[in-house]
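Reviewing the structure listed below.
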Amino acid sequence: MSVERPSFLSGLSASLPIVMGYFPIAFSFGVAATRAGFTPLEAFALSLIIYAGASQFLALALLSSGAPVLVSAFTLIAMNLRHVLYGPALMRAAGREAGTRHAWAWAWGLTDEVFGQALGALARGQRFSEPYMFGLGLGAYVAWVSGTVVGAFAGGGALDQWPALSAGLGFMLPALFLALLLSIMNRRQLPVIAVAAVATVAGTLAISATSGILLGMLAGALAGLVRR
Amino acid sequence: MNWDLLTVAVMVGAANWAFRALPILARTDRLAAGGWLERFLSATGPAAIATLFVASILPALVPEVATLLPVITGTLAVLATWFARHSVVLATLAGALAHGATVWLIT
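These protein sequence lines are chains A and B, in that order. Once you know that position 170 of the first sequence is 175 in the numbering used here, the rest is easy, because the numbers rise by one and skip nothing. Once you know that position 56 of the second sequence is 58 in the numbering used here, the rest is easy, because the numbers rise by one and skip nothing.
Written out as structure tokens, the structure reads:
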């Protein structure tokens, strides 16, 4: 177990796989936004203010189809409900003495991938620190916003000439999730992981991808209640 | 600037901040100490990461070699690198590299 509290720079360097995964996705969001008729400034505003991948893509579809503002907003808000669980789960792993004085700022960056990376680091014995959370979150946020802007200005087809590069970058996030899963896996967590995986597949096939994610997380967390 | 877009963005962004920050600021994990909520929260992390992996890989699981093969080689590269080096960064990069290289070889 490391005694040192990890620094801002350590968090920034831990964000590298997330940065490499986010940039191409944000790039394609920028491209999609301009194709849907939005300006680069509007694409930039969506990434800066919403900062949640899947719901931003859905926002483009809703807004460009003329859906009512309130309907659009509540649909997008419902998609991100899962984030409610991340903070408490992370702080539980961080321990009771972990500081949260600046959480109002760094928690903004607590996306799926940042949460996974932070939890994985704690599971590997690293101590919790707010500067580390700032570094990790900032790297990911800058990659997301800058990827959007570059994509919005580059326009469609920029990555089409490099299919292998595009595919490799597209696999960065699944690879990161798998590596994080391996890093936190132990025998006690196997039933939780198995239940979450099955519920995700069932929910996705039966209802939708968003429902599959929410159902998978809830079913896995509930499986943690029944085993002792 | 499209004002409908800005209104939606601000509402959704505010909700995202509230979802991410308020449960931490309220230290709901401390309220949960020792009870069923603590067990629920400790299972949430592994459940979330497993869910996100399955959800991210699910669209590629189709009976089509050109789509499936890169996913298989990428996944095997992550597993092999993880068990050899126990590094999240190296395993992630190896997976992406193997995936991209497979696409390059078969197209």
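From the three backbone atoms N, C-alpha and C, an ideal C-beta is built for every residue, glycine too.
When the Cα atoms are used, what is the spatial distance from residue i to residue j?
i      : j      : result
V67/B  : A214/A : 23 Å
G42/A  : R129/A : 45 Å
Q240/A : R101/A : No information on residue 240/A is available, as it lies outside the stretch 6 to 233 that chain A covers here.
M6/A   : L127/A : At M6/A, the pLDDT of 48 sits below 50, so the modelled position is not reliable and the matter cannot be decided from this model.
T83/B  : S44/B  : 27 Å
N85/A  : E135/A : 23 Å
H101/B : S89/B  : 18 Å
G121/A : F182/A : 7 Å
A123/A : L68/A  : 33 Å
L107/B : A98/B  : 14 Å
G125/A : L170/A : 27 Å
A211/A : L39/B  : 28 Å
L14/A  : G142/A : 11 Å
R132/A : S12/A  : 10 Å
V200/A : E118/A : 21 Å
A110/A : R22/B  : 10 Å
M96/A  : G221/A : 21 Å
I26/B  : A159/A : 38 Å
P93/A  : R29/B  : 7 Å
Relative to the C-alpha of residue i, which residue among the options is closest?
i      : options                        : result
L70/B  : A172/A, G42/A, Q166/A, L90/A   : A172/A
R32/B  : A66/A, A103/A, A59/A           : A103/A
T80/A  : L27/B, V14/B, L8/B             : V14/B
V206/A : W106/B, A20/B, L63/B           : L63/B
M177/A : R87/B, A79/B, T109/B, I108/B   : A79/B
I51/B  : L14/A, G175/A, V197/A, L210/A  : V197/A
N185/A : F85/B, V105/B, L27/B, G102/B   : Reading off the sequence, residue 185/A comes out as Leu, not Asn. Checked all of F85/B, V105/B, L27/B, G102/B; the closest Cα to L185/A is F85/B.
A59/A  : I30/A, S70/A, P45/A, V147/A    : I30/A
A96/B  : L143/A, V74/A, M25/A           : M25/A
T116/A : L14/A, S151/A, L174/A, S20/A   : S20/A
H88/A  : D165/A, F139/A, I218/A, V231/A : I218/A
L8/B   : V74/A, A157/A, L17/A           : V74/A
A48/A  : A226/A, L227/A, V155/A, S216/A : V155/A
The ligand ATP heavy atoms versus the CB of residue i: any closer than 7 Å?
i     : result
I30/A : Among the ligands in the structure shown, none appear at all, so the ligand ATP cannot be discussed.
Unbroken alpha helix (DSSP H) runs of length 4 or more, entirely within the stretch 116-144 of chain A: which are they?
117-128
Short of 7 Å Cβ to Cβ, which residues in the stretch 88-114 of chain A face chain B?
Here the close residues are H88, V89, L90, Y91, G92, P93, A94, M96, R97, A98, R101, T105, A108, W109, A112, W113.
Going along the chain, which residues of the stretch 130-147 of chain A sit with their C-beta nearer than 8 Å to a C-beta in chain B?
none
Please give me, in chain order, every unbroken run of the alpha helix (DSSP H) with length at least 4 that falls completely inside the stretch 17-58 of chain A.
21-40, 45-54, all fully within the stretch 17-58 of chain A.
Members of the stretch 189-218 of chain A near chain B, C-beta cut-off 7 Å:
I189, Q194, V197, I198, A201, A202, T205, V206, T209, A214, G217, I218
Mind checking the stretch 30-50 of chain B against chain A and listing, in chain order, the residues whose C-beta falls within less than 8 Å of any C-beta there?
T30, D31, R32, A34, A35, W38, E40, R41, F42, L43, S44, A45, T46, G47, P48, A49, A50
Taking beta-carbon pairs under 9 Å, can you tell me which members of the stretch 91-105 of chain B lie near chain A?
V91, L92, A93, T94, L95, A96, G97, A98, L99, A100, H101, G102, A103, T104, V105
Fully enclosed by the stretch 157-217 of chain A, which beta strand (DSSP E) runs are 3 residues long or longer?
Runs of the beta strand (DSSP E) spanning 3 or more residues and lying entirely within the stretch 157-217 of chain A do not occur at all.
Length at least 4, wholly inside the stretch 29-96 of chain B: the alpha helix (DSSP H) runs in chain order:
30-33, 38-59, 67-87
Beta carbons nearer than 9 Å to chain A: which residues of the stretch 64-81 of chain B have them?
P72, V73, G76, T77, A79, V80, L81
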